[in-house]
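Right under this line is the structure:
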């Protein structure tokens with residue numbers, strides 16, 4: 008009984024250290040001081056998912072982002088325009104990765120992909136109300152996070168633009184070959 | 013790809029049970045609030061205090077004050093100010109109440125005279141409503157209620173003392189640990205509904221905060237205008253009438269009319285000179301003009317987006333359930349319900365389509 012108590016006590020402590028480390032090493036929160044990370048910790052949510060459980064589904068209301076604390080997640084999109092929608096896995100995420108950050112700036116937007124837990128998953132959730140709370144109570148921390156968020160979204164936009172250009176070139180090449 | 017479909021069904025079943033448990037817990041909490049005497053008013057007042065104080069606490073926190081210190085500082089300063097104001101105005105209020113108690117037989121008689129005057133002017137109504145002695149009914153009601161009001165005044169004060177002590181106590185912890193408490197509560201929400209409910213909580217919180225601050229600002233401005241106006245024309249019971257007008261102004265539409273009735277009766281009974289009577293009516297009118305043309309469009313309307321019919325129906329339902337308190341809290345509750353229903357509808361229809 009005593010062992011169990013100490014075990015749980017230290018496990019909880021260990022988990023807190025893990026969350027702090029995760030937040031500190033997350034690209035979005037890089038540059039925040041220890042105090043700011045502690046403040047951020049008090050404004051995030053810890054969520055647990057079973058294997059096969061959806062973190063969110065394509066088309067759901069999205070209000071924030073998740074950082075993987077433990078486990079593996081598949082992100083996939085379904086082409087709903089066809090009669091038999093087929094899902095295509097875009098990426099696999101593991102500890103330290105983050106996803107869904109565009110929902111932090113979208114106004115009541117739908118999720119563009121689904122996130123599915125592959126095994127026992129624990130995530131740190133950071134949502135729009137939490138960001139507003141940080142901006143309201145500690146604007147300098149809020150600005151740092153928002154700037155990083157803009158950086159990430161800008162980079163994703165650039166990558167998408169680059170991919171579109173490549174695809175266009177490929178289409179043109181195919182069209183030329185077929186002629 | 014249709015992964016884990018049978019497991020999915022099991023998970024959904026589990027989450028539905030979790031959601032039912034969460035809703036059940038919330039329902040039990042509200043039931044407890046309603047059933048336990050003095051807990052509901054204490055909680056409501058605590059909510060009002062915390063919504064009023066939270067922008068100031070956040071402002072202090074932004075200026076490098078620790079949250080706990082900011083809250084304590086605010087409570088100490090407000091407590092001190094309230095004690096000072098009470099010590100100054102309580103002799104004035106008690107003097108006015110004693111005066112009103114002494115004057116009450118004269119006012120009852122005067123009210124009767126006004127009613128009798130109306131009755132004699134509208135004799136033809138007797139044919140329609142029969143020989144119903146309205147004047148006698150009003151007199152009986154006034155005599156019994158005026159007497160019992162003054163007799164039970166100390167009891168009312170001591171009863172509201174529990175609320176006045178409990179409310180700041182609750183408010184202190186709501187301000188300090190509210191964020192943590194709501195996070196703990198949200199941890200019970202099943203994953204499938206988490207983002208929806210989190211968003212809903214945020215929207216309701218924003219809307220309630222806005223409504224409460226706007227309505228109290230409105231009441232304070234109306235009260236101040238009435239007080240100043242009546243004080244200028246040396247109208248009797250000016251502070252009491254101003255407090256009454258401010259409180260009744262919290263009830264939309266009918267509140268301002270109810271608020272002006274006592275002053276009109278006092279003026280009629282005291283045979284106030286017509287110029288003073290006009291100035292008194294103008295004071296109430298000015299307060300309402302400021303309210304309708306400046307405060308409501310600039311502050312309240314931006315926050316409370318309810319149709320007038322919805323407002324009236326909400327007030328009637330509120331009054332049926334909880335009397336005057338129900339009429340006052342009808343609008344915030346209706347707004348919260350509206351946000352909830354719209355969010356659930358959007359989630360079920362728009363997002364699932």
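Residue numbers (our numbering), protein chains in the order written: chain A, 8 to 186; chain B, 13 to 365.
Every residue gets a Cβ at the ideal spot worked out from N, C-alpha and C, and that includes glycine.
Just so we're clear, the structure is a prediction, and the values are computed from it rather than from any experiment.
Which class does residue i belong to by DSSP, given the choice of helix, strand or coil?
{"i": "residue 213 of chain B", "result": "helix"}
{"i": "residue 183 of chain B", "result": "helix"}
{"i": "residue 112 of chain A", "result": "coil"}
{"i": "residue 55 of chain A", "result": "strand"}
{"i": "residue 13 of chain B", "result": "Legend: pLDDT at residue 13 of chain B = 48, less than 50; position of this residue unreliable, no value from coordinates given."}
{"i": "residue 124 of chain A", "result": "strand"}
{"i": "residue 318 of chain B", "result": "coil"}
{"i": "residue 150 of chain A", "result": "helix"}
{"i": "residue 71 of chain A", "result": "strand"}
{"i": "residue 365 of chain B", "result": "Here residue 365 of chain B scores only 49 on pLDDT, less than 50, and its place in the model is too uncertain to base an answer on."}
{"i": "residue 130 of chain A", "result": "strand"}
{"i": "residue 128 of chain B", "result": "helix"}
{"i": "residue 39 of chain A", "result": "coil"}
{"i": "residue 262 of chain B", "result": "coil"}
{"i": "residue 78 of chain B", "result": "coil"}
{"i": "residue 173 of chain A", "result": "helix"}
{"i": "residue 87 of chain A", "result": "coil"}
{"i": "residue 152 of chain B", "result": "helix"}
{"i": "residue 50 of chain A", "result": "coil"}
{"i": "residue 93 of chain A", "result": "coil"}
{"i": "residue 167 of chain A", "result": "helix"}
Quick one: list the residues of chain B neighbouring residue i, beta-carbon separation under 7 Å, in chain order.
{"i": "residue 151 of chain A", "result": "Under the 7 Å cutoff, chain B gives no residues; its nearest Cβ is about 15 Å from residue 151 of chain A."}
{"i": "residue 70 of chain A", "result": "207, 210 and 211"}
{"i": "residue 23 of chain A", "result": "In chain order: nothing, as chain B lies at least about 14 Å away."}
Just to make sure I have the definition right: I need the residues of chain A whose C-beta is within less than 8 Å of the C-beta of residue i. Which are they?
{"i": "residue 198 of chain B", "result": "52"}
{"i": "residue 23 of chain B", "result": "57, 59 and 60"}
{"i": "residue 70 of chain B", "result": "143 and 144"}
Give the DSSP bridge partners of residue i, in chain order.
{"i": "residue 63 of chain A", "result": "A:122"}
{"i": "residue 193 of chain A", "result": "The structure shown has nothing for residue 193 of chain A, since chain A only spans 8 to 186."}
{"i": "residue 117 of chain A", "result": "A:68"}
{"i": "residue 105 of chain A", "result": "A:74"}
Mind pulling the chain A residues with CB within less than 7 Å of residue i?
{"i": "residue 20 of chain B", "result": "59"}
{"i": "residue 214 of chain B", "result": "136"}
{"i": "residue 6 of chain B", "result": "In the structure as shown, chain B starts at 13 and stops at 365, and residue 6 of chain B therefore has no counterpart that could be examined."}
List the residues of chain B whose Cβ lies closer than 8 Å to the Cβ of residue i, in chain order.
{"i": "residue 56 of chain A", "result": "203"}
{"i": "residue 140 of chain A", "result": "191"}
{"i": "residue 63 of chain A", "result": "207"}
Output, in chain order, the set of chain B residues within a Cβ distance shorter than 9 Å of residue i.
{"i": "residue 145 of chain A", "result": "73 and 74"}
Along chain A, which residues have their Cβ under 9 Å away from the Cβ of residue i?
{"i": "residue 227 of chain B", "result": "Those within 9 Å of residue 227 of chain B in chain A number zero; the least Cβ separation is about 22 Å."}
Does the beta carbon of residue i sit closer than 8 Å to a beta carbon anywhere in chain E?
{"i": "residue 259 of chain B", "result": "In the displayed structure, chain E is absent; the protein chains listed are A and B."}
**Message:** To test your reading of the DSSP string, which unbroken beta strand (DSSP E) runs of 3 or more residues are found completely within the stretch 191-256 of chain B?
**Reply:** Unbroken beta strand (DSSP E) runs of no fewer than 3 residues, entirely contained in the stretch 191-256 of chain B, are not found.
**Message:** Count Cβ pairs between the stretch 281-294 of chain B and the stretch 223-233 of chain B that sit closer than 8 Å; are there 3 or more?
**Reply:** In the pairwise beta carbon analysis, the stretch 281-294 of chain B is classified as not touching the stretch 223-233 of chain B: fewer than three pairs are separated by under 8 Å.
**Item:** Entirely enclosed alpha helix (DSSP H) segments - the stretch 40-75 of chain B, minimum 4 residues
**Value:** If we require 4 residues or more, the alpha helix (DSSP H) runs fully inside the stretch 40-75 of chain B come out as 51-74.
**Prompt:** Are at least three pairs of beta-carbons, each pair with one atom in the stretch 69-85 of chain B and one in the stretch 180-188 of chain B, less than 8 Å apart?
**Reply:** Two segments are said to touch when three or more pairs of C-beta atoms, one from each, lie closer than 8 Å; by this definition the stretch 69-85 of chain B touches the stretch 180-188 of chain B.
**Prompt:** Looking at C-beta atoms only, is the number of pairs between the stretch 239-256 of chain B and the stretch 205-217 of chain B that lie closer than 8 Å three or more?
**Reply:** Remark: fewer than three beta-carbon pairs, one from each stretch, lie closer than 8 Å, so the stretch 239-256 of chain B and the stretch 205-217 of chain B are not flagged as touching.
**Asked** Okay, do the stretch 261-268 of chain B and the stretch 339-348 of chain B touch, 3+ Cβ pairs below 8 Å being the bar?
**Response** The stretch 261-268 of chain B makes contact with the stretch 339-348 of chain B, as at least three CB pairs between them are under 8 Å.
**Message:** So within the stretch 325-357 of chain B, which uninterrupted beta strand (DSSP E) runs reach at least 3 residues, ignoring any that extend past its ends?
**Reply:** Whole beta strand (DSSP E) segments, 3+ residues: zero.
**Item:** Validate contact between the stretch 191-200 of chain B and the stretch 319-326 of chain B using beta carbons, cut 8 Å, 3 pairs
**Value:** They do not touch, by the three-pair rule.
**Request:** Check whether the stretch 91-103 of chain B touches the stretch 155-168 of chain A, counting contact only when three or more Cβ pairs, one atom from each stretch, lie closer than 8 Å.
**Result:** When Cβ pairs closer than 8 Å are counted between the two stretches, the stretch 91-103 of chain B is seen not to touch the stretch 155-168 of chain A, the count staying below three.
**Message:** With three or more C-beta pairs closer than 8 Å as the rule, is the stretch 108-122 of chain A touching the stretch 62-76 of chain A?
**Reply:** Verdict: yes, contact present.
**Message:** Below 8 Å, how does it come out for the stretch 146-155 of chain A and the stretch 97-107 of chain A: are there three or more Cβ pairs, yes or no?
**Reply:** By the Cβ rule, the stretch 146-155 of chain A does not count as touching the stretch 97-107 of chain A, because fewer than three pairs are nearer than 8 Å.
**Item:** Stretch-stretch touch, CB-based, cutoff 8 Å, three pairs: the stretch 127-135 of chain A with the stretch 47-62 of chain A
**Value:** Put simply, the stretch 127-135 of chain A touches the stretch 47-62 of chain A. At least three CB pairs are less than 8 Å apart.
**Request:** Please confirm if the stretch 70-78 of chain A is in contact with the stretch 166-174 of chain A, defined as three or more CB-CB distances below 8 Å between the two stretches.
**Result:** Of all C-beta pairs linking the stretch 70-78 of chain A to the stretch 166-174 of chain A, fewer than three are shorter than 8 Å, placing the two stretches out of contact.
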